[in-house]
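Reviewing the structure listed below.
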Amino acid sequence: MNEFIDLLGGEAESLLQHQCTTIPKEDLTTPDPDYVRRILSHTDRPIPVLRHYQALLDHGRLGGTGYLSILPVDQGIEHSAGASFAINPCYFDPENVVKLAIEGGCNAVASTFGMLGTVARKYAHKIPFIVKLNHNDALIYPRSYDQTLFGQVKQARDMGAIAVGATIYFGSEQSRHQLVEISQAFEEAHELGLVTVLWTYLRNDAFKQKDTDYHLAADLTGQANHLGVTIRADIIKQKVAETNGGFKAIDVGKTNPKVYSELTSDHPIDLVRYQVANCYMGRIGLVNSGGASTGAGDLSQSVRTAVINKRAGGMGLISGRKAFQRPMAEGIKLLNTVQDVYLSDEVTIA
17 MNEFIDLLGG EAESLLQHQC TTIPKEDLTT PDPDYVRRIL SHTDRPIPVL
67 RHYQALLDHG RLGGTGYLSI LPVDQGIEHS AGASFAINPC YFDPENVVKL
117 AIEGGCNAVA STFGMLGTVA RKYAHKIPFI VKLNHNDALI YPRSYDQTLF
167 GQVKQARDMG AIAVGATIYF GSEQSRHQLV EISQAFEEAH ELGLVTVLWT
217 YLRNDAFKQK DTDYHLAADL TGQANHLGVT IRADIIKQKV AETNGGFKAI
267 DVGKTNPKVY SELTSDHPID LVRYQVANCY MGRIGLVNSG GASTGAGDLS
317 QSVRTAVINK RAGGMGLISG RKAFQRPMAE GIKLLNTVQD VYLSDEVTIA
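Residue numbers (my numbering): 17 to 366.
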């Protein structure tokens, strides 16, 4: 606990002692070792999906806790391989990506068809694979917020994956066709027994106004989460909310004053609590993104994000660039420290 306090610095008391008075924790479904039997087994998911979800929860240092620590490395397509791996060229080699996930104690590794397929026969039985189905091609010019399927669900199943992931850029002009494509892909994935993970990101230039980035607004990201669980995503991946009031500022969609006066506050844990609430009050697990690497402050920022996610009622963290854009030993330490937040009985749900 002292290590977390040191890393959180001046925010330690606020983040570790805060109690939510917005949406009470008693109203949530919170992670625990019995999640699959207690919650998922009552859904319409086929039995093989339940088995694979349990395998995901049982793996790595967080195995048996109900929490998830996932290493995602699809940034070579999303941001270009040079931008992603030039800092640490060993990760051009997919085997090192998988080794980092294994040695870092992760529940799973999430990556592209190419990267995971290259080493599938050697590693698919050693760590759960999550294959990312679609990507935003970084070479498109002018810049586009579209997503393109890079392979088929059956290919992911055949390489030994237990789950598939996908992104929908809600708010973009292309979101409707992405919604149709991924809804169909997730239905096929469930039929084949695979768990589904959805990156419910927002993309629209109008969402950035003056000094506020409403891509990170609790109300807008919460609604994106709600759309994601509607197409039967089993896990939602979302960026941590840092602001609020997107519906009002952009004049898009409909909202209610109680969202801002009763269901949220300015506290970061309350903002993420609203994201969790939009995942059917936690019945579908929310994992937050670890975000981009900024250098020396990555460890502190990762612990901050993990504390916020856990105390808000989330299911874990997906930590990519902060882990692989540094020497492997440091990446392992960062992943393990994040996992220690979820292993700590002293970091409780607010």
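Idealized CB from N, CA, C, for every residue including glycine.
Asked, Found
"Exposure of Leu-359, with buried meaning 16 or more beta-carbon neighbours within 10 Å", "exposed"
"Nonlocal neighbours in the same chain, by C-beta distance under 8 angstroms from Val-169, ignoring five residues either side", "Leu-149, Val-180, Ala-201, Glu-204, Ala-205, Leu-208 and Leu-210"
"Cβ neighbour criterion (16 or more within 10 Å) applied to Leu-155", "exposed"
"Where Asp-286 falls: helix, strand or coil (DSSP)", "helix"
"Beta-carbon proximity of Leu-333 to Ala-345, cut-off 8 angstroms", "no"
"Three CB pairs or more closer than 8 angstroms across the stretch 81-95 and the stretch 46-57", "yes"
"Candidates Tyr-296, Thr-271 and Val-52: closest to Asp-43 by CA position", "Tyr-296"
"Nearest to Ala-99 (by Cα), restricted to the options Asn-260, Leu-315, Ser-309 and Asp-174", "Ser-309"
"Separation of Asn-152 from Ile-93, as counted between CA atoms", "7 angstroms"
"Residues of its chain near Asp-286, where Cβ-Cβ distance is below 7 angstroms and the 5 sequence neighbours each way are ignored", "Cys-36, Thr-38 and Thr-280"
"Sub-8 angstroms separation of Ile-146 and Ala-177 beta-carbons", "yes"
"Sequence-distant residues of the same chain with beta carbon closer than 6 angstroms to Ala-172, five excluded per side", "Val-147 and Val-180"
"Stretch pair the stretch 222-237 + the stretch 264-279: three plus CB contacts closer than 8 angstroms", "yes"
"Cutoff 6 angstroms; reference Trp-215; Cβ partners in own chain excluding five residues on either side", "Thr-183 and Lys-253"
"For Tyr-107, the first and last residue of its enclosing alpha helix (DSSP H)", "First-last for Tyr-107: undefined, no H or E at that position."
"Proximity of Met-5 and Ala-136 at Cβ, strictly below 8 angstroms", "Residue 5 lies beyond the stretch modelled for the chain, which goes from 17 to 366, so this question has no answer here."
"Which of helix, strand or coil DSSP assigns to Pro-62", "coil"
"Buried/exposed call for Ile-348, threshold 16 Cβ in 10 Å", "buried"
"Reduced DSSP category for Ala-222 - H, G, I as helix; E, B as strand; rest coil", "helix"
"Boundaries (first-last residue) of the alpha helix (DSSP H) holding Thr-259", "It is not in any alpha helix (DSSP H) - Thr-259 carries neither H nor E in the DSSP assignment."
"Contact check, Phe-166 vs Leu-243, beta carbons under 8 angstroms", "no"
"Among Arg-77, Asp-90, Arg-299 and Leu-350, nearest to Lys-41 - alpha-carbon criterion", "Arg-299"
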